[in-house]
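Protein chains in written order, with full-length UniProt numbering: chain X, 1 to 396; chain W, 1 to 396; chain R, 1 to 396; chain L, 1 to 396. Idealized CB from N, CA, C, for every residue including glycine. Single-structure report; data block below.
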């Protein structure tokens, strides 16, 4: 696999030069003021990215899965009930994690390709007269299906049901790439990793917690130590860390936040929309459909493209890797073989996206898909060249 | 704090050029054969470093603490009894972790500066007629006190007591720097991190487990998901990972193992002994003592030096950082203020060690310690120059 | 200007990861055996790349221009006559350099877009009864016009005229990218730089000299010191250098030669042809023409594309940079404004080339060129996808 | 040779992290505004480092030797007379270069270890009634002998003789490390390279020229093209370069100037003095002498240490490299074997210097030199620890 071409997996993303430099650094003493002066601005910057003023942010050496585990073990007790929908591989795996931590998960099965079922959530919450449901779990962006759920609608459903449940959001493939508003949407815990919107190597579990979630810490009885919020919050307060911190990724995160804010979060989101929309124009020109069932569900970070009947989505990915040295994402779980995915998040330009679209097109032609070579690229080019200026004007 | 000078903390260590390059790499598709071909040799190489043929090795994004948590949650159930001694900050913290995971820890308090109390362990095990003790926990190298414990003696004690307990070893600051023999010593789980003997940035929990420990997985009831051996072993078998792997550190680990084996593990240990012995010659020339009570306990990766009565070990560390831009380790826990620590593990040469010794000497002179300037350096120089050739001859 | 997108200038090229690593290295002692052991294999490897067994190779800190100066000052004397054709900016500049070094240049003016005028050379040489012409200068690949000249035909012309003139070749934008055979073609001096086919940063003048050229050193009276072959050859023989060598670039060159030979020079040339041919298919689909007048003159490293009458080639380049963050080459000298250039040499894949073609297409559409969006990309895609496999088969 | 230990050669120096990052960068289009915006501040910053307001600065891909060649060929004509003293390898080589460029060098032989002979210069200039001497050449810091000459005294000698000769200064191993004042000292051309005080890899010839030197360009008849000031000045004025610029080193130079000015040039010089003085205290404690004959001649960038009679200085260097992996400098020319050199310029701390001193001491002990182990280090430690604070206070 060549390292010359960009990757088009839905994370880890392409890493900008500036972040590679920030991460590649000699060892420093993490018990010295140097580290203390590094950590606090990063935690503060994360609040701005998560759009929370009242919440607190935490970092653990880990991944998104670790962040999930941290979220539930720090706020819940074995046997506690949580409400979740299964409509993709990542919502599925979060449910599995909760069950293995001894939680009682009320699962709503939803079609893969649809979003979080707000109505069903509201019903379930309304039916929960004793308020046994402690938290509602939402996957903001289902990376497996390229579906964005409406988190604020879930909050409204909770509130409409007059329910005190907390709202936990998996923002692994949305935060720092797509609009996310922790405080405004009433999110109690939001989690992500370093290798998506933050454009860094994998290795950091990143969380923000609301005052309500923080309060839940005291009564939570799930055993925990490595991911314990209490040690982390206590030590962070004086610039410390409960064990050896991953200094190089934290340095990288500092620069990442700076890059995001220099571009402007609003512009980062707009860029992701534009690049995604170019991909969607190509999909449309190919006569294909996205896995996401409706336009309002379309993810701006990953597009899961349904292959025509009789074709194999996984073959698209292996062929692209073998013949062209380009990485796309395979379908996972229920949509394995039925889709292939183009990741278009993080460090990405129109020009890079076009090379991914062009490659996908060549692959499909090679495999005999009924598409016309050049058609998708042309549609994307037309979209990019006409939309590019106006966005840049707004950014200025 | 300058990045020009080496660090003399007991980890993270100085990172060799070659490993910095290996870690600093563009994103690849971790679901592709490229990753599969990367992972297997690393896991195999780790077995050679841990000196186990029958065991299996695992990697998690995490730290040594994460590895501790993985070790106990994958093999034990809440309420299970384990036996441990507290004789330093890291053995203390491991005990705390076990307690927070719901284990029943039988703690033997031992003086800080002494090693694992083999006799007391044997007594406790002999007294445990019902074999309730499921595991004995040993900190091979107490980083806080610079004490190396005799792991094989603990195994002999367990066997002498005819006890079936497993033997878990914290090798965070010993493995890949000091002689460690998993199979020969009958160790069931050994853990470490990436930032010590492997000379990488922090971010990897590294474990090796014996067939007996693996068997214990099935009955272990501690809740776990992120650190679950079962998912990891199952997926690793086909080159997969249960979540996004920290590819850059795994690449680095591959090169690290290669560097260690190119030098020869035997030579790596001999080098650590030599460099440590030079530091000890200096300590002796200064008329000071190590925290480690006996010569046989002396660690080859970190020396905790007891400051004269009336002086403050922590001040040595802050003064070295502020005036000379050099990082040493402070005393932790019971020995806070009473010692300062010189880390001498990982990527280190005689020449680098001399600059650390010379700096410590200047700092002590600055602070009015009753030492003669140049005395420690001279003792170390004399040791290094006379021992250097012979070791190199052996290495050839 | 983004560093995310590839560059499409005809050098410096995109630098592969592996070469960036090789160049980024701590200082070493260039008077030590480490340097001696580094230099000799590089000089030997260069011979293989230049395809010379009887010649010798030399490196100076400098550029292609420096190599030109080295070539003429080390083999000629003020007043000596050389024969050259002017048919592009780089042949023009070489002539200028010779004149400033006091040489008497017999200039044949040729149309820009044509190659070295073999017939006119033969006539001039035949007319030179007294054999006053000491050397014939040929620009193998005119970077300004994207024209490849037939060097072996020039050698045949010299031989046909029974003339003893030496043959000097500017291979700056051909060597290590396009077929070049020093010995077989009877070349006496060939020169290049580090930043083209060798895919390194600029900073090295690279030369190969035949035994005949070496013999000419003794009588050459042009003053020289920095670029003096005599000091360089003498000191190189024992691993030395007449002044501080650019160690990092020499390390890079070592890896570059290794990369080229691992791919296979034959495959490197075939890849350059394929990538260039894709660009040419796009040009043809756009209904445009290359500056190069005939197919046999087409360069495989750079394409100079003639813009339609009434349009400005330079505007293509500035617009691409400003709106899309992509670098192309402007027209130089006589073809300024009349062409824009796509560089496609060095570290380049089909996928990268497609992003350049797609960008050029968007730019031309933005500027109102009479081209159909997607047409060039589609033609290139079709060519790449059908030609890709066969070449890879040959490479295996 | 290890890359773990610092180098103690008198250039190339140890390269700071920040400069390695700046140099390691993807290719950019050197004809774009990006390069134009990079070059001008570097040229302006160089003026501040050279301490010239009225002069102009120039950069060529090359070395100090290239800068010498540029200096004389751009301002003089074949047959022109220049005045120079030979008192070390580098003054010797500059004389040789002038002779090969056809200049008539009036050479004053001076003892190696002494400085530029101001008195002899004044006599020679006074005797030159017809003002045939066009330039006086001074090696500010003779790297071979560790001798700093008094450049301002040479200017006074020229003026005292009422002579219009230009003053050319080789500042290769002084500029950016030791006090140098172009305008105040009436220097007409000063030259250096990137690999000394600027702490970068080798590869840049750096010059500053006075208005008088610039005026001399017009009449200079030495043939030149690669190093021609006229093209360079003309193209630099609009952000251009006469050929492919070494962009990565120019980027590095930008950061280097920033680092120097952030520390403060005055503090940079003071640091070099302090570090050098520590080395000199060690030499004195060893009972050895410097090659430099008088205290006022002591260089702050390199110390050439005379070995006791019967010992071999070159052996010190090879032994240090082979046994300890540390690079020192050998004696060159007339002092070959008689001295060894410790380079202490560029990126250097007290702590790094101590490791070099300690190593030299071990080497000398190994080779049977009559020195006491630890003595030199102790003297340097004592000096560093007592002088460190005050300098840092001044810097604040």
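- DSSP lists X:305 and X:330 as the bridge partner or partners of residue 340 (chain X).
- The DSSP-derived three-state label of residue 95 (chain X) is helix.
- Sequence-distant Cβ neighbours of residue 255 (chain R) in its own chain, meaning closer than 7 angstroms and more than five residues away, are 18, 19 and 22.
- Within 9 angstroms of the CB of residue 291 (chain L), no CB atom of chain R is found; the nearest one sits about 18 angstroms away.
- Residue 248 (chain X) reaches chain W at 201, counting residues in chain order whose Cβ is nearer than 7 angstroms.
- Rounded to the nearest whole angstrom, the C-alpha separation of residue 281 (chain L) and residue 87 (chain L) is 25 angstroms.
- With a 10 Å radius around the Cβ and a threshold of 16 neighbouring Cβ atoms, residue 101 (chain W) comes out buried.
- As the crow flies, the alpha-carbon of residue 84 (chain L) is around 36 angstroms from that of residue 43 (chain R).
- Pairing residue 300 (chain X) with residue 272 (chain X), the inter-Cα distance amounts to about 6 angstroms.
- Taking one beta carbon from each stretch, the stretch 35-42 of chain R and the stretch 176-196 of chain R have fewer than 3 pairs nearer than 8 angstroms; the two do not touch.
- In the structure shown, residue 242 (chain L) adopts coil according to DSSP, grouped into three states.
- Non-local C-beta neighbours of residue 99 (chain R) in its own chain, meaning closer than 7 angstroms and more than five positions away in sequence, comprise 105, ordered along the chain.
- Look at residue 52 (chain X) here: in three-state DSSP terms it is coil, with no helix or strand label.
- Contact annotation: residue 175 (chain W) and residue 140 (chain W) have beta-carbon atoms nearer than 9 angstroms.
- Listed along chain X is no residue with a C-beta nearer than 9 angstroms to that of residue 105 (chain R); the closest approach is about 41 angstroms.
- If you draw a straight line from the Cα of residue 31 (chain R) to the Cα of residue 361 (chain R), it comes to about 52 angstroms.
- Among the residues of chain L, those whose CB is under 8 angstroms from the CB of residue 11 (chain R) are 244, following chain order.
- Looking only at X:96, X:366, X:344 and X:234, the smallest Cα-Cα distance to residue 277 (chain X) is reached by X:344.
- In summary, the residues of the stretch 12-24 of chain X whose CB is separated from some CB of chain W by less than 8 angstroms are 12, 13, 14, 15, 20, 23 and 24, in the order they occur in the chain.
- In this structure, the straight-line span from the alpha carbon of residue 209 (chain R) to that of residue 69 (chain L) is close to 23 angstroms.
- Contact of residue 307 (chain R) with chain X is not assigned, every C-beta pair being separated by 9 angstroms or more.
- In this structure residue 157 (chain R) touches residue 122 (chain R) by the C-beta definition: roughly 4 angstroms separates them, less than 8 angstroms.
- Only exposed fits residue 234 (chain X), as fewer than 16 other CB atoms lie within 10 angstroms of its CB.
- Apart from sequence neighbours up to five positions away, the residues of its chain that approach residue 251 (chain R) with a beta-carbon distance below 8 angstroms are 22, 23, 25 and 38, ordered along the chain.
- Here the C-alpha atom of residue 274 (chain R) lies approximately 40 angstroms from the C-alpha atom of residue 257 (chain W).
- Within the stretch 210-234 of chain W, those residues whose Cβ lies closer than 8 angstroms to any Cβ of chain X are, in chain order, 222, 223, 224, 225, 226, 227 and 228.
- Contact check for residue 161 (chain W) against residue 135 (chain W) fails: the beta carbons are separated by 9 angstroms or more.
- Secondary structure note for residue 366 (chain X): its alpha helix (DSSP H) is the uninterrupted segment 350-366.
- Taking 9 angstroms as the threshold, the shortest C-beta distance from residue 255 (chain W) to chain L does not fall below it.
- For residue 264 (chain R), the number of other beta carbons within 10 angstroms of its own is below 16, and it is reported as exposed.
- Every unbroken stretch of the beta strand (DSSP E) spanning 3 or more residues and falling wholly within the stretch 152-205 of chain X is given here in chain order: 166-170 and 189-193.
- Under the Cβ distance rule, residue 259 (chain W) does not count among the residues neighbouring chain L, no pair being separated by less than 9 angstroms.
- When the beta-carbon positions are compared, residue 285 (chain R) and residue 378 (chain R) come within less than 9 angstroms of each other.
- Linking residue 340 (chain X) to residue 334 (chain X) through their CA atoms gives a straight-line distance of about 13 angstroms.
- The DSSP assignment places no complete run of the beta strand (DSSP E) inside the stretch 9-35 of chain W (cut-off: 3 residues).
- If you look at residue 255 (chain W), you'll find it isn't in any beta strand (DSSP E); it sits in the alpha helix (DSSP H) that goes 247-263.
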